[in-house]
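Read through the structure below, which is laid out as C-alpha cells, and then see the notes.
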Amino acid sequence: MSEPKYSHLIDLNDYPVEWWNKIIRLGATICAHPQRYVQACAGKIMATLFYEPSTRTQMSFQSAMIRLGGSIIGFDNPMSSSVAKGENLKDTTKVVSSYSDILIIRHPTAGAAKAAALTAECPVVNAGDGGHLHPTQTLTDLLTLHMEKGRLEHLTVGLCGDLLYGRTVHSLLKALSCYAGNRFVLISTPELRVPDYIRKLLTDSGCEYREETSLDAAIGELDVLYMTRIQRERFASEAEYLAQKDTYCLTPEKMSHAKADLAVLHPLPRVDEIAIAVDDDARALYFRQAKYGMYVRMALIMKLLESEEHLPVLHGTDDGALHCVNPKCITAKEHYLPQKFLCQHGRTVCEYCEERALPR
Ligand code: NCD
Numbered sequence: 000m001s002e003p004k005y006s007h008l009i010d011l012n013d014y015p016v017e018w019w020n021k022i023i024r025l026g027a028t029i030c031a032h033p034q035r036y037v038q039a040c041a042g043k044i045m046a047t048l049f050y051e052p053s054t055r056t057q058m059s060f061q062s063a064m065i066r067l068g069g070s071i072i073g074f075d076n077p078m079s080s081s082v083a084k085g086e087n088l089k090d091t092t093k094v095v096s097s098y099s100d101i102l103i104i105r106h107p108t109a110g111a112a113k114a115a116a117l118t119a120e121c122p123v124v125n126a127g128d129g130g131h132l133h134p135t136q137t138l139t140d141l142l143t144l145h146m147e148k149g150r151l152e153h154l155t156v157g158l159c160g161d162l163l164y165g166r167t168v169h170s171l172l173k174a175l176s177c178y179a180g181n182r183f184v185l186i187s188t189p190e191l192r193v194p195d196y197i198r199k200l201l202t203d204s205g206c207e208y209r210e211e212t213s214l215d216a217a218i219g220e221l222d223v224l225y226m227t228r229i230q231r232e233r234f235a236s237e238a239e240y241l242a243q244k245d246t247y248c249l250t251p252e253k254m255s256h257a258k259a260d261l262a263v264l265h266p267l268p269r270v271d272e273i274a275i276a277v278d279d280d281a282r283a284l285y286f287r288q289a290k291y292g293m294y295v296r297m298a299l300i301m302k303l304l305e306s307e308e309h310l311p312v313l314h315g316t317d318d319g320a321l322h323c324v325n326p327k328c329i330t331a332k333e334h335y336l337p338q339k340f341l342c343q344h345g346r347t348v349c350e351y352c353e354e355r356a357l358p359r
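Counted from 1, the sequence shown has number 165 at position 166 by numbering that gives the first Met the number 0; the numbering is strictly sequential.
What follows is the structure in C-alpha cells.
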C-alpha cells in the first residue's frame with residue numbers, strides 16, 4: 000500500500016515535546032485573543048467521522064473550526080452513513096478525506112486512526128481509538144494544567160478510576176512522563192490497573208510512580224487529581240462492569256483532605272465518580288478544562304493545516320513471523336491492513352494497538 004504523507008496526529012509521542020508546547024502556547028494565546036483568529040482557516044473544510052458517541056470532543060472540534068472561519072461536514076452516527084451498508088474504513092476515509100482539508104476520527108477500535116491515515120488524502124486526527132489513545136484530550140489536559148497550575152513539570156498527579164480502558168489516561172501518562180519531575184499515583188482496583196505497556200513506559204522513562212487502591216490514602220499528596228469514568232462499553236460483560244462501578248467517588252469530605260491548590264480534572268462525561276457537590280469547589284476545574292479543549296483544538300487545526308512536516312504513518316516491520324492477537328485491534332477487523340510490529344520497551348508489539356504480538 001503506497002502511503003500518502005500528511006501531518007497526522009495519531010499519537011502525541013510521534014512528535015517532540017516542543018511541538019506539543021507550541022500548540023499549548025498557541026492555545027493559550029487564542030484563549031486570550033480569540034478575535035484575532037476568526038479568519039485563520041477561512042475556506043477550509045473539516046470532516047468529523049465519529050463512529051462512537053461524543054459530546055465534547057466532537058463539538059469542541061466543530062466549534063473550533065467554525066470559530067476559525069472554516070466549515071464542517073461529517074457524521075456522528077455511522078449507521079446514517081454508508082458504513083451501515085458495509086463500507087470499510089479505508090473507503091470511507093479515502094472518499095471523505097478527498098472532500099476535506101482535515102479529518103477528525105473517533106472509532107471504537109484501537110489503531111483505527113492510524114489505519115485511516117494510511118489512505119487519507121489530508122491530515123488525520125485521532126479523536127479516540129477504542130481503549131487505546133486520545134491525544135487531543137491530552138492537549139486539552141496539558142493546556143488546562145498550563146493555564147491553571149502554571150507548569151507541566153514537578154507535579155504529583157493522581158489518576159483514579161478506569162486506568163485499564165481509559166484512553167485519556169494512557170495518552171496523558173505518555174505525555175506527562177516526558178516532562179521533568181512528575182510523579183504518578185495510579186489509583187484503581189487491581190482489575191483496572193494501567194496496561195502493561197504503560198507501566199513499562201513509566202519505568203523506562205524513569206518516572207516515580209506507585210499503584211494504590213485507596214483514593215483516601217493518596218488524595219493529600221496530590222497536586223492534580225485526574226478522575227475518570229468506568230468505561231462500561233469496553234467490558235467483556237455487564238457483570239464485570241457492575242463489579243467495578245461505584246468503586247470511587249470524589250466527595251466534599253474527601254476534598255477536605257486535599258491540598259488547597261489541588262486541580263481536579265476529568266475528561267468528562269462524569270457518571271457518578273465525582274459528587275455534584277464538588278462542582279462548587281474552586282479546585283474543580285473540569286468544566287473549564289472542557290472549554291480549554293476548544294481553544295487547544297483551534298491551535299491544533301491551525302498547526303496541522305499549515306504544517307510542512309510530513310511524517311510516515313507506519314514505522315514498524317513485518318517478517319511474517321508475528322501476528323496481532325488483540326480482538327479489539329483494527330487489524331482484526333480490516334484485513335487488508337499491512338501488519339506491522341515495533342520493538343517497544345523490550346517487547347514486540349502491534350504498531351496499531353501496542354499490544355504484545357505473538358508468533359504465528
Ligand atoms: C473521554 C473519551 O471519549 O475517551 N471523553 C472525552 O473525550 N472527553 C472519556 C470518557 O468517555 O470517559
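Just so you know, even glycine gets a beta-carbon here, dropped at the ideal spot from N, CA and C.
Excluding the 5 residues flanking it on each side, residue 66 has same chain C-beta neighbours closer than 8 angstroms at 33, 36, 37, 293, 297, in chain order. For residue 185, the enclosing beta strand (DSSP E) covers residues 182-186. Beta-bridge partners of residue 248 (DSSP): none assigned. Beta bridge pairing from DSSP links residue 57 with no other residue.
For the set 107, 225, 250, the Cα lying nearest the Cα of residue 332 is the one of 107. Of the residues 163, 172, 124, the one whose Cα lies closest to the Cα of residue 228 is 163. In this structure, the beta-carbon distance from residue 234 to residue 240 falls below 7 angstroms. Residue 89 holds the alpha-carbon nearest to the alpha-carbon of residue 110 among 99, 94, 89. Put simply, the stretch 242-261 touches the stretch 213-225. At least three CB pairs are less than 8 angstroms apart.
The shortest C-alpha to C-alpha distance from residue 129 to any of 104, 12, 11, 64 is the one to 104. Counting only residues of its own chain and dropping the five nearest sequence neighbours on each side, residue 301 has a CB closer than 6 angstroms to the CB of 39.
Sequence-distant partners of residue 323 (beyond 5 residues in either direction) whose C-beta falls short of 6 angstroms from its own C-beta, in its chain, are 330, 349, 356. For the stretch 279-329, the continuous alpha helix (DSSP H) assignments of 4+ residues that do not extend past its boundaries occur at 285-305, in sequence order.
Note that the C-beta distance between residue 166 and residue 184 is not below 7 angstroms.
Spatial neighbours of residue 134 in its own chain (CB-CB distance under 7 angstroms, excluding positions within 5 residues in sequence) are listed in chain order as 8, 10, 11, 125, 170. Cβ contact annotation for residue 180 (same chain, cutoff 6 angstroms, sequence separation greater than five): 152, 153, in chain order. Within the same chain, and ignoring the five residues on either side of residue 359 in sequence, the residues whose Cβ sits closer than 8 angstroms to its Cβ are 319, 320, 321, 322.
Remark: C-beta atoms of residue 122 and residue 6 approach each other more closely than 7 angstroms.
With fewer than 16 other Cβ atoms from the protein chains shown falling within 10 Å of its own Cβ, residue 335 counts as exposed.
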